[in-house]
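The listed protein sequences correspond, in order, to chains H and D. Going by the numbering used here, the first sequence opens with residue 1, and the numbers climb by one from there. Going by the numbering used here, the second sequence opens with residue 1, and the numbers climb by one from there. We treat Cβ as the ideally placed atom computed from N, Cα and C, and that holds for glycine. A quick note: this is a predicted structure, and the numbers were derived from the prediction, not measured. The structure appears below as structure tokens.
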Amino acid sequence: MLAMERLKKHLSDRASTLRKQKNDGVKIVGYTPGGFMPEEIVHAAGAIPICLLKGGDADSVIESLKYNPRFFCTFCKTQIAYLMGGDLVYNLPDILIVPHTDCNHKLIADSWNYYGNTDVLRYGVPHNKGESARAYFKGGLEILKKKLEDLTGNKVTDEKLFDEIQTGNKIRSLLKEISFARKTNPAAISSRDFTMLQHASTFADKDFIVQTLEAVRDEINEKPTADKNRKRVMMIASSLANGDNLVFDIIENTDADIVYEEVTEGYRPYLDNVEVNGNDPIQNLSDTYFDKRVPAPWDRPWGDRMERLIEKAKEFSCGGVVWYQMMYRDGFDIQAHYFSKMLEEQANIPMVKIESDYAPAEKGPARTRIETLVEVMSAN
Amino acid sequence: MYTNLFKLCGFSDEEIDEQKPRIEKTLKIIGSDTKEMIAKAEKNVQSNFDCSLEGIRMLLKVMMKEVMDAVLSGEEYEKRVYYNWPGLSPLAQAMIVAGRGTNVYACLAKQYLWMGLGNIFDTVNDLLDLGELIGQTAGRAHCPEYQIYTALYERKILPIPTIVLNCGWCCDQGPEVEELCTKLYGYEATYLDGTNDWEWGSWPNMDKRAIEYNASTIKASIARVKETTGLDITDDHIKAALQEIMQITMGYMTLIGMVSKADPQPISQADIGLVFLIKGAGTRYPKDVINGINMLIKETKQKIDAGVGVVPKGAPRVYVQLRTLVDQKPMRAIEELGLAIPMMMVDGYHPYETQPTNYPDDRWMSLSEQAFRKPQLSSAEGSLRYWEWAAKDQKVDGVIMMYPISCRPFCSPTFIGKDYIEKSTGLPTILVEADGYDTRNYSSGQIKTRIESFAEILKANKKLAAGTL
Ligand code: SF4
């Protein structure tokens, strides 16, 4: 795909472009993945948001042990290693925004506060969707807005916010269109490429990404339909970092395709747009970024997460599920136990759980498990 | 068969006789009803505690009674409400007070079961093995306390509750497992919620917004407890609970104050651990607890007056960051190396913690604020300042940064802590892996070996300073 090639080029130049912009006085706002940080507010403040989501390499895990105990989510614990190791992108932000979802994200914030020199802003993501939880999350966004106004010296007006929400909606809608094309044609886009688009959408220039997504959407409509016999898999992931290709490397050598993903950290949630009407854009953002989201496994109560996942598996005609979790990410491991049974009972869909600490030795066992899943799917 | 064990745990012959049916039922349910299991328990309890101390026996009796009450609550009460750690002791104790004299068993059943099955009966490893098969995979640093908890339901040791009030203020693992258990075993849970999003540098001025949110979840939870069990936690219950907690805490502070000042250290931190456990949980038997603590204070004073102790006089002093909870042997192991432990974990109150509340007119907000000012489970930055203060206040010669591998909230700031303590105090600091609830993750022997050369350094430093090396 031409658009993808152009995107790769853009991404490879992006860090140095951002460095130049920073030198010219533009503020760079880093944030941790999870989909709880509305980029719209950052853009409206005249700053550039970048999501920090590198991962997948074993060296960063080893490096992280200098700073923290190893018993934390693999993705989260390695984030300090990139900062301290002098990674160009990780050293760009003038501030790091950490929406606190669980203690693994708290570790990121604490480590950056203690070991690094970057300012850190945290705001809490409550673990239920009740009234006071919603108000609390919205309050966090108000704090974020104020902080960004102070950082940039620019006022975040409602007008600017509504403008940015329009752009954000365009990106979400395009991602949805591209993703949903796989309902009818699994060859529309590979999960690896869709993931690349997702990651790029949190790092590339926003106008460029809109153009890219439009071009990809147009290109995939031209693509021939995939072989009907290929199997359809859904991937549910705790964190899918930029550079973490374990599942793709394996699945691409089977006769199955990942046709839908629910990625808690690493994907921009795109199922719901933000309301553009009304007089309280922060409330509108809060509604979409917090309230309408598929609940996460650390939520209590679990809410309708599992029902919604099963619904998606059916909607995308998936015959199997790959549940991909970071090692020591407690909530995912706990929920996987129950979800796999529920999935089997309610939809007769088999699931395999893959876990990663970014160690090369994991690939063999993971391959066996995924291949077995695909075989079981054939037998069904 | 079990008379000696119950006597070690402070029961008289008459009490054993009177409690016979309950004792036998309990032993059967927990699977400790054979000669071998009782012998194992006798050996275990004596390796954890100095059962020659009457105060210890009095407190062990409380623990044993709480274990029996929890196990038999299925048949002795119509409804059950459990308060699950980690959390807010005034709320837990208020719940206990509200439950007195009603048909609702209200207590911290889980805590007393791991306490008793760990420290007395030595049967938690078996439960841990089972918990690992129920959504908390082995070797993945899942909270062993909750692995035990799940297994307690699976084995039908812990009766299914009407509702659980679970505290998710500082810990995710607890409520996550609770959710799983509600699905697997069919009961309801309500959660205290918090997000621990305190800004670096804000401790102890905890953010009002967060305090309000935390307090709102307490109010919602107690309302739900009332709806499901009829248990109404009133202001009077809270007042009474605070009184009980105050008395127990004062006794505890007196005891640890005496121990930290005395040279040689008169009693082991392992024995103090028993008081710590009961104090932390809250109790249905506050008077017995207070009497037990007072007796222990008396016995400690006698040891101080006689100049006897568990370490040599003049031993180097260390602050130890973690108490192991289902077994007390690591504390003895450290003392056996000739190190005095004047203070552990969260024992002392940093002056910031005792500042007056900013919310005198809102009970739940003031309690939330107070809870979060205890930094270890909320603020990493607060923890650093707490540790620095503890080390200086106790004039220690070194710090043992022992951390639980399977409790993310508690192990989170420990590496940072070692770096910070070394820089801010210049004290030798060592990181030691251990665990609160899973003795398969450590052994007191390993801990001893790990600390041995550190202890030698501290002793040499001391001699050097005194000019005797
Ligand atoms: S993980 Fe830690 S804080 Fe949470 S319940 Fe377990 S021991 Fe307590």
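- Taking the Cα of residue 211 of chain H as reference, the smallest distance to any Cα among H:171, H:142, H:288 is reached at H:171.
- Residue 47 of chain D and residue 198 of chain D have their C-alpha atoms some 41 Å from each other.
- Neighbourhood of residue 96 of chain D in chain H, by CB distance below 9 Å: empty, with the nearest CB roughly 23 Å away.
- Contact between the stretch 193-203 of chain H and the stretch 250-269 of chain H is established, with three or more Cβ pairs separated by less than 8 Å.
- For residue 4 of chain D, the uninterrupted alpha helix (DSSP H) run begins and ends at 3-8, by DSSP.
- Considering only H:230, H:176, H:351, H:280, the residue with the shortest C-alpha distance to residue 216 of chain H is H:176.
- Counting along the chain, residue 370 of chain D sits inside the alpha helix (DSSP H) bounded by residues 363-373.
- Listed in chain order, the beta strand (DSSP E) elements of length 3 or more contained wholly in the stretch 81-153 of chain H are 95-100, 119-124.
- In this structure, D:296 is the residue among D:238, D:296, D:222, D:325 with its C-alpha nearest to the C-alpha of residue 57 of chain D.
- In the three-state reduction of the DSSP assignment, residue 366 of chain H falls in the helix class, which pools H, G and I.
- Listed in chain order, the non-local C-beta contacts of residue 442 of chain D below 6 Å within the same chain comprise 434, 435, local neighbours out to five positions each way being set aside.
- Sequence-distant Cβ neighbours of residue 205 of chain D in its own chain, meaning closer than 7 Å and more than five residues away, do not exist here.
- Taking the C-beta atoms as reference points, residue 107 of chain D is found no nearer than 7 Å to residue 64 of chain D.
- About 7 Å separates the CB atoms of residue 167 of chain D and residue 85 of chain D; that is less than 8 Å, so the two are in contact.
- Per DSSP, residue 192 of chain D is not a residue of any alpha helix (DSSP H); the beta strand (DSSP E) it occupies stretches across 188-193.
- Of all residues in the stretch 130-161 of chain D, the ones placed with a Cβ closer than 8 Å to any Cβ belonging to chain H are 134, 135, 136, 137, 140, 141, 142, 143, in chain order.
- For residue 189 of chain D, the closest C-alpha among the options D:78, D:161, D:170 is that of D:161.
- Using a cutoff of 6 Å, the CB of residue 173 of chain D counts as near ligand 1, since one of the ligand's heavy atoms is closer than that.
- Between residue 28 of chain H and residue 119 of chain H, the gap from beta carbon to beta carbon reaches 7 Å or more.
- Residue nearest to residue 370 of chain D within the set D:149, D:91, D:1 is D:91 (criterion: CA-CA distance).
- Taking every protein chain shown into account, the CB of residue 78 of chain H has 16 or more other CB atoms within 10 angstroms, so this residue is buried.
- Taking a cut-off of 8 Å for Cβ pairs, the stretch 396-403 of chain D and the stretch 360-374 of chain D do not touch, as fewer than three such pairs fall below it.
- Relative to the Cα of residue 374 of chain H, the nearest Cα in the group H:148, H:33, H:252, H:338 belongs to H:252.
- At a Cβ-Cβ threshold of 7 Å, residue 320 of chain H and residue 152 of chain H do not count as neighbours.
- Within chain D, no residue has its CB atom less than 9 Å from the CB of residue 358 of chain H, the nearest being about 15 Å off.
- Going by DSSP, residue 233 of chain H is part of the beta strand (DSSP E) stretching over 231-239.
- Just measuring C-alpha positions, the residue of D:170, D:248, D:219, D:270 sitting nearest residue 374 of chain D is D:170.
- Of all C-beta pairs linking the stretch 247-256 of chain D to the stretch 275-289 of chain D, three or more are shorter than 8 Å, placing the two stretches in contact.
- The CB of residue 415 of chain D comes closer than 7 Å to the CB of 67, 68, 69 in chain H, given here in chain order.
- Contacts with chain D at 7 Å (Cβ-Cβ) include residue 102 of chain H.
- Annotation for residue 390 of chain D: 319, 343, 348 place their beta carbon closer than 7 Å to its own, counting only its chain and skipping 5 residues before and after.
- In this structure, DSSP gives residue 252 of chain H a state outside helix and strand, which the three-state scheme calls coil.
- Counting the other CB atoms within 10 Å of its CB gives residue 65 of chain H a total below 16, which places it among the exposed residues.
- Residue 350 of chain H has a beta carbon lying at 7 Å or more from every beta carbon in chain D.
- Beyond the five residues adjoining it in sequence on each side, residue 386 of chain D comes within less than 6 Å, by CB distance, of 350, 375 in the same chain, given in chain order.
- Fully contained in the stretch 162-204 of chain H are the following alpha helix (DSSP H) runs of length 4 or more, in chain order: 191-200.
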